[in-house]
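Presented below is the structure to which this report refers.
Residue numbers (full-length UniProt numbering), protein chains in the order written: chain A, 1 to 398; chain B, 1 to 364.
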């Protein structure tokens, strides 16, 4: 009996401790009426001898900053630091967080630990950050390439403003914000805010959607090729494309070759692409069937996409250039959306490389299962970028 | 039963006691102690034979007491070879210099904070640091080549002067040894710089003759490669012979314009920095307002940190011809910084007048 009383006495403080711990209040961050924002740094030039006085394209984004009396930012409501040049592929899920060891962030929110978007109309917006809606002052600043947080930098390093502007973000709307070079000759930089509409459209599950933008700087395609040497990776696209282009697409099933065309889906004209880095409008979405290949089982398909950007009057069927030619004077730029976007087509191929638009992943009992996506292809000077948005899908069953 | 238990306990106690005794024994560990007695800046420089000329400059400029002060300072010390290259070989040579300009020369080599190589951003180009003279230094570090195998090295330049010994600790700061005296002429232009130096008079007369002189007083920036008179005289070109040239018959943009680069400010070290950072082994640019090309190659002696830049003119591509190669190889004579650009001394001539005759050269 005394033993059990002793036990009780010993146990009671533990229970009391548990009570005390249970009382602490957890404050969850919450933003009322948010807008959803994703930011890319499209300044894709390399600093070399010829342009050594240009600022290194490594940025800090400040939304609603507070400035001191000298105009130096001291605080900001939202800070997107270490914003590096964007990667060719912006995947449908926030892949950067948790996997990278670099302090550099290739997009915002990217690695930033912020509130992200929900699943809106079926689309996974976890790569979009929540930003309070309303009117905001947005400042982009060039910063030195090091891992010192922006506000800890030396005062003189916080002065190099790329752009200081205001923008209005509406609640529950999806935005992508691009930092762009607007003029290749004067090196004028600016921003481009696009209000996306993919989540409002009635898009089919069985079609893959893609739209195109040419946000290249004015004068890039006409500039001397000596000034474009840093874009060689993009194949014939490195020198840019003309301001007016037609887009053709072809589908193939064979791995890394063009030997397995999907018949009926060869050199089909999708539409027109006009260079535009000023007027903010969403380009129309074009589509092709997810299971265009008649041999696929309706669950998985291995098709990949080839896009040919050709100047009006030219057609892939009467293409005067050869596939090994890098110099096409902006008349022809092929893009392969194939595998992981890092493997070359076998043979002499002058195409730019991007990952496949179709997402193949283990879902339900199917491994892999193919999912249609909504894609945006952006051409900025000599580089091409793919942003893929995906619908929520069933988790895998093992 | 009980006795056995207690024996067991006793037996266990013995190793525990042993452990206790063992841990009581302390042997003095001998650790190599870092030297905490670093010298003050002036003392360190005074005690180093290869810095004797800079020490003399400090003394003559009346900066000795300041550099003994609390600091912190970063002293960029040109070694004696660097002074010899600009004609100063003994301490008494400083007597010929203006006291004020000597003082600002010394101040130009001192920063008022401690700057170690690790504080300078990787592959930073033209990063500015303020000196005691109130001017900003251009600092370039090329440490990292993203593509190369051996992609780390230490290459650091202050106003084009290569650092040959870095991160020397001082009691009141840090010290780096550089291979060149940093030269900056405040409140002057490239034009002023050339006009003041009689050894470039033939080059100046050529620039004047072909209408290239006036722009050198404008904002720029300009990079000028200037051959001395002896280079012209070796090819029998004098001020008189230039005066006698008929400008209509010669392409001045090539003959003299080839030495002048508009809208660029290049230190010789930039060619080495970008060779490492970007794999830019050759820099090709069009001669201003002309279709000929200027080819710039760089070669470096990494042991001595000596960098040589070679330049030559070339006709446009397809069936091109290369012309004379000239060199900027004496560190002491290059990287003369002014407010609107730089002047580098070069050896050799890009073109002889007869090579710049209109209608006589291919690809006109």
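Beta carbons are placed, not taken as given, at the ideal position from N, Cα and C, and that holds for glycine.
Exposed unless 16 or more other CB atoms sit within 10 angstroms - verdict on residue i
i: residue 184(B); result: buried
i: residue 66(A); result: exposed
i: residue 281(A); result: exposed
i: residue 37(A); result: buried
i: residue 27(B); result: exposed
i: residue 8(B); result: exposed
i: residue 18(B); result: exposed
i: residue 190(B); result: buried
i: residue 140(A); result: buried
i: residue 331(A); result: buried
i: residue 254(B); result: buried
Cutoff 8 Å: residue i Cβ touching any chain B Cβ
i: residue 11(A); result: no
i: residue 106(A); result: no
i: residue 257(A); result: no
i: residue 373(A); result: no
i: residue 293(A); result: no
i: residue 48(A); result: yes
i: residue 145(A); result: yes
i: residue 225(A); result: no
i: residue 52(A); result: yes
Alpha carbon of residue i to alpha carbon of residue j, nearest angstrom
i: residue 33(A); j: residue 383(A); result: 35 Å
i: residue 187(B); j: residue 345(A); result: 58 Å
i: residue 207(A); j: residue 295(A); result: 17 Å
i: residue 329(B); j: residue 171(B); result: 36 Å
i: residue 83(A); j: residue 60(A); result: 6 Å
i: residue 400(A); j: residue 91(A); result: In the structure displayed, chain A extends from 1 to 398; residue 400(A) sits before or after that span and is not available.
i: residue 196(B); j: residue 110(B); result: 27 Å
i: residue 361(B); j: residue 355(B); result: Model confidence at residue 361(B) stands at a pLDDT of 49, short of 50, so the residue's coordinates are unreliable and nothing is read from them.
i: residue 266(A); j: residue 249(A); result: 7 Å
i: residue 364(B); j: residue 351(B); result: Residue placement at residue 364(B) cannot be trusted, given a pLDDT of 48 that sits under 50; the coordinates are not used to answer.
i: residue 76(A); j: residue 58(A); result: 18 Å
i: residue 95(B); j: residue 55(B); result: 14 Å
i: residue 263(A); j: residue 224(A); result: 40 Å
i: residue 119(B); j: residue 131(B); result: 16 Å
i: residue 323(B); j: residue 312(B); result: 6 Å
i: residue 232(B); j: residue 327(B); result: 14 Å
i: residue 16(B); j: residue 6(B); result: 15 Å
i: residue 146(A); j: residue 257(B); result: 40 Å
Per-residue DSSP class, three states only, for residue i
i: residue 324(A); result: coil
i: residue 139(A); result: strand
i: residue 90(B); result: coil
i: residue 364(B); result: Annotation note: pLDDT 48 at residue 364(B) (below 50); position unreliable, coordinate value reported separately. Residue state, collapsed to three classes: coil.
i: residue 176(A); result: strand
i: residue 162(B); result: strand
i: residue 274(B); result: helix
i: residue 200(B); result: helix
i: residue 259(B); result: helix
i: residue 27(B); result: coil
i: residue 81(A); result: strand
i: residue 53(B); result: helix
C-beta neighbour in chain A for residue i, strict 8 Å
i: residue 290(B); result: no
i: residue 364(B); result: Model confidence at residue 364(B) stands at a pLDDT of 48, short of 50, so the residue's coordinates are unreliable; what they give is reported in the following sentence. No, its Cβ sits nowhere closer than 8 Å to a Cβ of chain A.
i: residue 203(B); result: no
i: residue 135(B); result: no
i: residue 285(B); result: yes
i: residue 112(B); result: no
i: residue 271(B); result: yes
i: residue 121(B); result: yes
i: residue 280(B); result: yes
i: residue 274(B); result: yes
i: residue 125(B); result: yes
>> Contact between the stretch 199-219 of chain B and the stretch 318-328 of chain B is defined here as three or more beta-carbon pairs at a separation below 8 Å; is this criterion met?
In response: no
> So, do the stretch 68-78 of chain B and the stretch 44-57 of chain B have three or more beta carbon pairs nearer to each other than 8 Å?
Replying inline: yes
> Should the stretch 100-109 of chain B be called in touch with the stretch 232-246 of chain B, which here means at least 3 C-beta pairs below 8 Å?
Replying inline: no
> Per the contact definition of three or more C-beta pairs closer than 8 Å, is the stretch 248-255 of chain B in contact with the stretch 276-283 of chain B?
Replying inline: no
>> With three or more C-beta pairs closer than 8 Å as the rule, is the stretch 89-105 of chain A touching the stretch 130-138 of chain A?
In response: no
>> Quick test of the definition: if touching needs 3 or more C-beta pairs under 8 Å, does the stretch 158-167 of chain A touch the stretch 105-121 of chain A?
In response: no
> Does the stretch 205-220 of chain A come within contact of the stretch 268-287 of chain A, defined as at least 3 CB pairs closer than 8 Å?
Replying inline: yes
>> For the structure I just gave you, are there three or more beta carbon pairs, one from the stretch 189-205 of chain A and one from the stretch 157-175 of chain B, closer than 8 Å?
In response: no
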